[in-house]
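Numbering (my numbering), first residue to last: 5 to 635. All remarks here apply to the structure that follows.
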């Protein structure tokens, strides 16, 4: 460098002696000291040391863009923004060393907002934690901040136009624009590195479409506090471009670094390779700043931001608890579900085949055959259509779905009864028995399957998971067991298996309806009536399921107490294994296998029964298989 110029205010002239002496002593170079008002910067291949406040540094840079000299920032109490932006060390001597290190000289981009240089960021509205150091706050501060932002949520209409004429009209709670974040801290919310040589600004747009989505965003920001540009929360969009204009029908209150401004029009631009700066050691990998990363492409991720009718609704009404789906999401899904609700010959043929296959598998006691019937069964489609009809109050869809389901149920019962009538086998298999005692666990399966079914139908990219949903919920096998029970005239069998089917039907319908509501396919007010009716029905169904679940708990308790227990009866060691616990009798009926090395007589067995009853604290009936082990 030919010359070194020290630019400072008149009131800071007393600090110049130390700077001049340090450079002279350690580098043997002369420094020209100038007052800020007397210097505009005019020498090529020179170094300008700026010992100024943030505003004067900005003005100096603005007046000397694209000049062929290097700027270095010297730290002081009045330039925290410049110090942070360019990674300057706070120790003055260290900062001087960096300013004279040629390896740290880098030509970089500069962010300009309304013709003013920006060191840190531009924030419009309230970005609710996006630009704050959340992790440095106490748990109490985080929690109170969480509640404050939840209470103060407001959206404003904005129009964005990028350098390549992409236009976006949306409603947003806040916007943050920054040029780079090369100084990465553990408390930074945005963990992905944004470069100062990529020719682009980064505009993060916060626009929650519902209270729940906003709560999710706040939880992520205030308690997790990290995300990447590649995996933004759904409430956040990004526009990465070289130039951006932002306008609104009403005044935009925003902050340029630390200065508050109001305007209806904001123009942001990246001035590429406009200044050469001596970067401080807080920017660890200086090579990243020297590389040019500009590929000329814009990055636009705004699909999740509110547009069209959703935007109008958010601006005119209170933000809803559940988000409202976009019109583009409605159209294809509704066409598909309306088609699924209609009765067709294909539906009936698949019902017949799946019923015959399931009934065969039940008699054969073959799980793979029954699983095949589950996949083939078409009942899931009209149930999901019924759920959409319930949540949107569409009577035609409800009627068509109910009609299709009724025909499907009657077809399954008819063909399973006919199959059973001509089948000479009359033994109750394990696969049949497993569908006779539904409990709350079966209701949980139905609920989870309903959620998965509604979600898979609404998202084309996961529709392939519907086969897994069909296998999980198993709609046709319980109907086939009901048909077998009718064929045998066993009403207990009919009751248990049909209760399981109704549990699945109501559980899926309610869960799917709530899922569609959560995904924004209906307003809460519109869905209220259908949801209430379905909930009442499920509550009634849950009563026998709770009783059955209590029996299951009691069976499990007896099994845990007695299984693999050893007792000494009349000096004979007896080992007990429980094969079954039947609670449908007056006294619990325990099917047990007794192993002993000695022959057990009736007196021994009666004493064993007394011991078991004492251990359980209740009277029981034992069905004993006595095995004697000879060694």
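In this text, a Cβ means the ideal position worked out from N, Cα and C, and glycines have one as well. Note that the structure is a prediction, hence the values are computed from the model and not measured.
Same chain, Cβ closer than 7 Å to residue i, neighbours up to 5 away in sequence not counted
i           : result
residue 624 : 591, 592, 594, 616 and 617
residue 89  : 123 and 124
residue 436 : 366, 485 and 488
residue 258 : 126, 127, 128, 265 and 270
residue 561 : none
residue 33  : 8 and 27
residue 253 : 161
residue 504 : 439, 442, 446 and 482
residue 498 : 486, 489 and 490
residue 318 : 159, 175, 213 and 310
residue 60  : 40
Proximity of residue i and residue j at Cβ, strictly below 7 Å
i           : j           : result
residue 58  : residue 99  : no
residue 300 : residue 93  : no
residue 358 : residue 420 : no
residue 585 : residue 545 : no
residue 630 : residue 604 : yes
residue 166 : residue 204 : no
residue 447 : residue 507 : yes
residue 415 : residue 386 : no
residue 288 : residue 240 : no
residue 109 : residue 74  : yes
residue 363 : residue 423 : yes
residue 172 : residue 306 : yes
residue 180 : residue 233 : no
residue 547 : residue 566 : no
residue 406 : residue 454 : no
residue 53  : residue 78  : yes
residue 568 : residue 608 : no
residue 345 : residue 431 : no
residue 117 : residue 260 : yes
residue 256 : residue 267 : yes
Cβ neighbours of residue i in the same chain (closer than 6 Å, five flanking residues each side left out)
i           : result
residue 13  : 40
residue 412 : 355 and 383
residue 320 : none
residue 443 : 549, 552, 553 and 556
residue 111 : 277 and 280
residue 37  : 10 and 20
residue 576 : 600 and 602
Pick from the options that is closest to residue i, judged by C-alpha positions
i           : options               : result
residue 175 : 261, 314, 120 and 60  : 314
residue 223 : 152, 172, 372 and 556 : 152
residue 429 : 491, 56, 529 and 182  : 491
residue 350 : 380, 69 and 542       : 380
residue 323 : 602, 56, 158 and 450  : 158
residue 563 : 596, 536, 219 and 578 : 596
residue 2   : 318, 337 and 480      : This structure does not reach residue 2, given that the chain is present from 5 up to 635, and the question cannot be answered.
residue 533 : 396, 63 and 462       : 396
residue 457 : 530, 502, 291 and 512 : 512
residue 527 : 559, 346 and 398      : 398
residue 155 : 68, 177, 530 and 97   : 177
residue 628 : 620, 622, 537 and 610 : 610
residue 531 : 502, 247, 402 and 433 : 402
residue 22  : 221, 95 and 337       : 95
Contacts around residue i, its chain only, beta-carbon distance under 8 Å, and the 5 residues preceding and following it disregarded
i           : result
residue 376 : 361 and 365
residue 334 : 525
residue 578 : 570, 571, 572, 598, 599, 600, 604, 608 and 612
| message | Does the region 104-122 come into contact with the region 157-171, if we say contact requires no fewer than three beta-carbon pairs (one atom in each stretch) closer than 8 Å? | response | no
| query | Looking at C-beta atoms only, is the number of pairs between the region 268-278 and the region 208-228 that lie closer than 8 Å three or more? | reply | no
| message | Suppose only complete runs of 3+ residues qualify. What are the beta strand (DSSP E) ranges in the region 538-607, listed by chain order? | response | 569-573, 576-586 and 593-600
| said: Using 8 Å as the cut-off, can you tell me whether the region 381-397 makes contact with the region 339-347, which would need three or more C-beta pairs spanning the two stretches below that distance? | reply: As far as the Cβ criterion goes, the region 381-397 touches the region 339-347, which means the pair count is three or higher.
| Which ranges would you report for the alpha helix (DSSP H) in the region 460-529 if only whole runs of at least 4 residues count? | 470-477, 480-492 and 495-522
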